[in-house]
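What follows is one structure encoded as structure tokens, with my remarks underneath.
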Amino acid sequence: MGECLRDLLSFAARLLVRGGRLVFFMPSTPDTYSAQELPSHPALRLLHNSEQLLTSRYSRRLITMEK
């Protein structure tokens, strides 16, 4: 998963125009979630991080980043 997200962020940083947004779902577990798990890139800033509970053990996060 980590390598896939790094590739996605690098691709977005290269191809998005200034002000362009990257939006993606990221699997998560509510019990062990930490903000340090979120991917980052120097050319992108985090705008939104919303959680959707799927079950008592699993959730997904909708991540929105902007160039």
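Going by the working numbering, the sequence shown opens with residue 1258, and the numbers climb by one from there. Every residue, glycine too, gets a C-beta built ideally from N, C-alpha and C.
Backbone secondary structure at residue i - three-state DSSP
| i | result |
| --- | --- |
| S1291 | coil |
| L1311 | coil |
| S1297 | coil |
Counted within 10 angstroms of its Cβ, other Cβ atoms place residue i as buried (16 or more) or exposed
| i | result |
| --- | --- |
| A1292 | exposed |
| L1279 | buried |
Cβ separation of residue i and residue j, assumed to be a contact under 8 angstroms, to the nearest whole Å
| i | j | result |
| --- | --- | --- |
| S1297 | R1318 | About 14 angstroms; that fails the 8 angstroms criterion. |
Element boundaries [alpha helix (DSSP H), containing residue i]
| i | result |
| --- | --- |
| S1285 | From DSSP, S1285 is part of no alpha helix (DSSP H) but of the beta strand (DSSP E) over 1278-1285. |
| S1267 | 1259-1272 |
Min CB distance residue i to chain D below 8 angstroms
| i | result |
| --- | --- |
| Q1293 | Among the chains of the structure shown, chain D does not appear; only one protein chain is present. |
Residue range of the unbroken beta strand (DSSP E) whose run includes residue i
| i | result |
| --- | --- |
| R1317 | 1316-1323 |
Is it a yes or a no for the stretch 1303-1311 touching the stretch 1259-1274, going by three-plus beta-carbon pairs under 8 angstroms? no
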